[in-house]
Amino acid sequence: MKRISDLFYRLLDIVLGLLLAAMAIMVFVNVVMRYTMNSGFAMSDELSRFGFVWLTFIGAVVVHHHRQHMGMETVVSLFGRGGRLFLMGLSDVMIVGCAAVLTIGTWKQLPINASMDAPVSGLSMAWVYGIGLFAGVGIILITLERLFRLLTGRMTEAELGAFCGEMDILDTLPDDNSDLRAPDVREHGK
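Put into structure tokens, the structure is as follows:
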């Protein structure tokens, strides 16, 4: 199951990269055409905006999976393990609530968006704003899985530390970069 999950998030990373590249190419080509030929592709502005919406919502799911959204780590770090677990659970319940509002709102808005077309490309606006369903459901599923692990006692210390902002960025470096670390005062007996 972990392998399937890893492949899914790798696919999302690729989609994000392709969206970003497509947006950059469309905008660059349009700017060059406007300055050199005094014309441009009207559709590129619209498609770039739509790509940005998709990039934002897909990126939100990926970032939520890695627990890299902004948090109140200063407050959370003041608590002990029990308090941190409680705050993590409370945070996850609130996230499920907000994502449910996003999902339900997108679902209710979908018929209205489906009846409208984009002015230049003619794409149904349901394709543009329907990404809210993906983001909402994705965030809900990720958070429910975390809540399940939290309630069954399967939350690791590393996850709890990451939630509290205690992860040292140098811990992610390969071992051959150990010279970048500051010496530990306790090691030298000072």
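Numbering (my numbering), first residue to last: 1218 to 1407. Every residue gets a Cβ at the ideal spot worked out from N, C-alpha and C, and that includes glycine.
Which residues DSSP lists as bridging Ser-1341, in chain order: Note: Ser-1341 sits in a beta bridge opposite Asp-1334.
Thr-1360 and Val-1313 closer than 7 angstroms at C-beta: Yes, these two residues count as a Cβ contact at 7 angstroms.
Contacting residues, own chain, Cβ-Cβ under 7 angstroms from Val-1354 (five flanking each side not counted): So the qualifying residues of the chain are Thr-1320.
Closest residue to Leu-1237 among His-1282, Tyr-1346, Ser-1265, Arg-1363 (Cα-Cα distance): Nearest C-alpha to Leu-1237: Ser-1265.
7 angstroms Cβ cutoff met for Met-1260 and Ser-1338: Yes, the pair counts as a contact, with Cβ atoms nearer than the cut-off.
Proximity test, Cβ basis, 7 angstroms: Val-1313 and chain B: The chain inventory of the structure shown lacks chain B, comprising one protein chain alone.
Ala-1343 vs Leu-1364 beta-carbon contact at 7 angstroms: No, Cβ-Cβ distance for Ala-1343 and Leu-1364 is not below 7 angstroms.
Cutoff 8 angstroms; reference Arg-1298; Cβ partners in own chain excluding five residues on either side: Result list for Arg-1298: Leu-1377, in chain order.
Contact under 7 angstroms by Cβ, Thr-1369 with Leu-1350: Contact flag unset, no.
Boundaries (first-last residue) of the alpha helix (DSSP H) holding Arg-1366: 1348-1368 is the span of the alpha helix (DSSP H), which, as asked, contains Arg-1366.
Delimiting residues of the alpha helix (DSSP H) encompassing Leu-1224: For Leu-1224, the enclosing alpha helix (DSSP H) begins and ends at 1219-1253.
Reduced DSSP category for His-1286 - H, G, I as helix; E, B as strand; rest coil: Reduced to three states, the DSSP call for His-1286 is coil.
Nearest-angstrom Cβ-Cβ length linking Ala-1352 and Phe-1303, presumed shorter than 8 angstroms: About 27 angstroms separates the Cβ atoms of Ala-1352 and Phe-1303, ruling out a contact at the 8 angstroms cut-off.
Inter-residue Cα distance where the pair is Tyr-1226 and Glu-1263: Tyr-1226 and Glu-1263 have their C-alpha atoms roughly 27 angstroms apart.
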